[in-house]
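Top to bottom, those sequences are chains C and S. Numbering of the first sequence is given in our numbering, commencing with residue 52 and proceeding in unit increments. Numbering of the second sequence is given in our numbering, commencing with residue 3 and proceeding in unit increments. Presented below is the structure to which this report refers.
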Amino acid sequence: MITVTKLVKRFGYKTILRGVDFEVQPGEFVALLGPNGAGKTTFLRILASLARPSLGEVKVAGYKLPSEAAQVRARLGVVSHLPLLYGDLTAEENLRFYAQMYGLTNYRSRITEVLEMIGLETRRRDLVRTFSRGMQQRLAIGRAVLHDPQIMLFDEPYTGLDQDASTMLDDVLKTVAAQGRTVVMTSHDLARAEALATRFDILSRGVIAASAARKQLKKSNLLAFYKQALAG
Amino acid sequence: MKQSSEQLSVNSNYVRAIGAIVWKDLRAEFRSWELVSAMFVFSLLVILIFNFALELDVKTRQSVTAGVLWATFAFAGTLGLNRSMALEKDRGCLDGLLLAPVDRSAIYFGKFISNLAFMLIVEAIVLPVYSVLYNANLFQPGLIMVILLGSVGYTAVGTLLAAMSVQTRTRDILLPILLFPVAFAVLLSAVKASGGFLEGADYSEIAFPINLLIVYDIIFIAASFMLFDNIVEE
Numbered sequence: 052m053i054t055v056t057k058l059v060k061r062f063g064y065k066t067i068l069r070g071v072d073f074e075v076q077p078g079e080f081v082a083l084l085g086p087n088g089a090g091k092t093t094f095l096r097i098l099a100s101l102a103r104p105s106l107g108e109v110k111v112a113g114y115k116l117p118s119e120a121a122q123v124r125a126r127l128g129v130v131s132h133l134p135l136l137y138g139d140l141t142a143e144e145n146l147r148f149y150a151q152m153y154g155l156t157n158y159r160s161r162i163t164e165v166l167e168m169i170g171l172e173t174r175r176r177d178l179v180r181t182f183s184r185g186m187q188q189r190l191a192i193g194r195a196v197l198h199d200p201q202i203m204l205f206d207e208p209y210t211g212l213d214q215d216a217s218t219m220l221d222d223v224l225k226t227v228a229a230q231g232r233t234v235v236m237t238s239h240d241l242a243r244a245e246a247l248a249t250r251f252d253i254l255s256r257g258v259i260a261a262s263a264a265r266k267q268l269k270k271s272n273l274l275a276f277y278k279q280a281l282a283g
Numbered sequence: 003m004k005q006s007s008e009q010l011s012v013n014s015n016y017v018r019a020i021g022a023i024v025w026k027d028l029r030a031e032f033r034s035w036e037l038v039s040a041m042f043v044f045s046l047l048v049i050l051i052f053n054f055a056l057e058l059d060v061k062t063r064q065s066v067t068a069g070v071l072w073a074t075f076a077f078a079g080t081l082g083l084n085r086s087m088a089l090e091k092d093r094g095c096l097d098g099l100l101l102a103p104v105d106r107s108a109i110y111f112g113k114f115i116s117n118l119a120f121m122l123i124v125e126a127i128v129l130p131v132y133s134v135l136y137n138a139n140l141f142q143p144g145l146i147m148v149i150l151l152g153s154v155g156y157t158a159v160g161t162l163l164a165a166m167s168v169q170t171r172t173r174d175i176l177l178p179i180l181l182f183p184v185a186f187a188v189l190l191s192a193v194k195a196s197g198g199f200l201e202g203a204d205y206s207e208i209a210f211p212i213n214l215l216i217v218y219d220i221i222f223i224a225a226s227f228m229l230f231d232n233i234v235e236e
């Protein structure tokens, strides 16, 4: 579903990614872990076609980036720590706007379906600026799944959420993954990643330092695996 | 046949995306009045400052009308362009737009049309105020055409440069530094053409700056159409 070969990304003289090799199979939930500055967000932005690779090959859903970016974007849903929503529009208006941007026709029933999924049906006519951070993040997920993408990218989705909002987001993420989507999520929260992901990749110093499937790890052993990968 | 129906669908998505951006910007603005009110108040202040600073007799006052008018539009326009793109950037909405599976020039045209609409709304409010304060009749079809052409050129290049400057930390300072030298030709032609209309000059005398304005409009829109994708991608 996602194939990345020898990916390098430079900003001026600074090299952020130094030859990343990464592969995700359909239906996998991959947690991309790593310290601050490891290049996780840059990597996800390249997969989302928001940044161009300096070197290397990136294929998402069988389409090459950056040359077939529009095809990739049609199959991709992205959630970041920013909501990507307009505060002066209602929840419904935000979703309607993005539905039109994604070329969806007959989107009314889809908007209702998505609002029910994220538990915001009763707040559909409220301005987004009146929403709590947790509600905005749920609506951001609704925006990202509106066009029913095959692949979801989550960049630190738990940033700034309180305990209740994080638990609610867990449920939404589980629903999204249970629908058979391929998910790549960056996070600092090892416990949450361990609860959700089927595979764990550690990005450190611009390369994938280690990778392990859930079944390869002993129970609650992700922290030790993470520390070992960073030390190595 | 299949290829032509696919092309039709791509074109209709393109137009729909432009329409969606314009609808979204107008809807949000008519709810908050954040942008237009700031532009209007700023315009009013500029006009008042010029009015009291230049204590001119009626004849001289008429001769500076075009310059004062375009200085006001340029300053207020810069304020609007900056704010319009900053609203997209601050909540990450620019990324939301860039993630849509449409040609990115659709985003440019959507933002360009809504920025132009905001500028024209402010101009429509400023003109009567200016007419009263400066005792000049500004409601002339020729002058309104020049204002429209000048605003198109200014907003066309301004939207592109605002998309570039909004990605920097010094966006508030950078936009006017980039925009004024590039838009100088548009502003100069607009001032000349406006002055000509206000002084009742023959069309043959005003034709040159008007033709220049049309050429600049076409060049700026075409250049922005080609460059926008490269400017917004990292």
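Note that the Cβ used here is the ideal one computed from N, Cα and C, for glycine as well. All figures in this text were calculated on a predicted structure; none of them were measured in a lab.
With a threshold of 16 other beta carbon atoms within 10 Å, arginine 159 of chain C falls short and is exposed. By the rule that beta-carbons nearer than 8 Å mark a contact, glutamate 235 of chain S touches chain C. The residues Thr74, Ala78, Val124 and Val128, in chain order, have a CB closer than 7 Å to that of serine 45 of chain S in the same chain once the five nearest residues on each side in sequence are set aside. In this structure, alanine 248 of chain C sits near arginine 265 of chain C, with a CB-CB distance shorter than 8 Å.
For aspartate 177 of chain C, the nearest beta carbon of chain S is not closer than 8 Å to its own beta carbon. Apart from sequence neighbours up to five positions away, the residues of its chain that approach valine 193 of chain S with a beta-carbon distance below 6 Å are Ala68, Gly69 and Trp72, ordered along the chain. By the rule that beta-carbons nearer than 8 Å mark a contact, aspartate 139 of chain C touches chain S. C-alpha of leucine 220 of chain C to C-alpha of glycine 170 of chain C: approximately 11 Å in a straight line. Collapsing the DSSP output to three states places lysine 60 of chain C in a strand.
Under a criterion of Cβ atoms nearer than 8 Å, the residues of chain S adjacent to proline 134 of chain C are, in order, Arg93 and Gly94. Looking at S:Ser86, S:Glu36, S:Arg18 and S:Lys91, the one whose alpha-carbon comes closest to that of arginine 171 of chain S is S:Lys91.
By a beta-carbon distance limit of 8 Å, lysine 65 of chain C does not contact leucine 106 of chain C. Their separation comes to about 14 Å. Shown here, leucine 151 of chain S sits in a helix according to DSSP, grouped into three states. DSSP places lysine 266 of chain C outside any alpha helix (DSSP H), giving it a letter other than H or E.
Closer than 8 Å to the CB of alanine 102 of chain C there is at least one CB belonging to chain S. Annotated three-state conformation of valine 104 of chain S is coil, per DSSP. With its beta carbon less than 8 Å from one in chain S, tyrosine 153 of chain C belongs to the interface.
Apart from the 5 residues on each side of it in sequence, aspartate 215 of chain C sits with its Cβ closer than 8 Å to the Cβ of Gly185 in its chain, given in chain order. Not one beta carbon of chain S lies nearer than 8 Å to the beta carbon of valine 165 of chain C.
The beta-carbon separation of glycine 283 of chain C and alanine 263 of chain C, rounded to 13 Å, does not stay under the 8 Å limit for a contact.
With contacts defined by Cβ atoms closer than 8 Å, leucine 200 of chain S and leucine 122 of chain S do not form a contacting pair. The residue among C:Gln76, C:Val223, C:Ile202 and C:Leu155 with its C-alpha nearest the C-alpha of asparagine 15 of chain S is C:Leu155. Unbroken alpha helix (DSSP H) runs of no fewer than 4 residues, entirely contained in the region 86-135 of chain S, are found at 95-100, following chain order.
Per DSSP, the unbroken beta strand (DSSP E) holding tyrosine 114 of chain C starts and ends at 114-116.
For leucine 68 of chain C, the number of other beta carbons within 10 angstroms of its own is at least 16, and it is reported as buried. Leucine 180 of chain S places its beta carbon 8 Å or farther from that of valine 154 of chain S. Taking all protein chains in view, the Cβ of asparagine 145 of chain C is crowded by 16 or more other Cβ atoms within 10 Å, so the residue is classified as buried.
Distance from the CA of glutamate 172 of chain C to the CA of valine 109 of chain C, rounded to the nearest whole angstrom, comes to 38 Å.
The DSSP assignment places no complete run of the beta strand (DSSP E) inside the region 160-192 of chain S (cut-off: 3 residues). Restricting attention to C:Pro77, C:Ala112, C:Leu127 and C:Gln76, the CA atom closest to the CA of leucine 101 of chain C is found in C:Leu127.
In the three-state reduction of the DSSP assignment, glutamate 108 of chain C falls in the strand class, which pools E and B.
Taking the beta carbon of glutamate 144 of chain C as reference, the chain S residues within 7 Å of it are Arg29, listed in sequence order. In this chain, aspartate 206 of chain C is not harboured by any alpha helix (DSSP H); it is covered by the beta strand (DSSP E) spanning 202-206. If the five residues before and after leucine 37 of chain S are omitted, its C-beta is found closer than 7 Å to the C-beta atoms of Glu31, Gly82, Arg85, Ser86 and Phe120, all from its own chain and listed in chain order.
Distances from the CA of proline 200 of chain C to each of C:Arg61, C:Gln122, C:Gly88 and C:Ala82 were compared; the closest alpha carbon is that of C:Gln122. Cβ neighbours of phenylalanine 222 of chain S within its own chain (closer than 6 Å, five residues either side excluded): Gly155, Ala158 and Val159.
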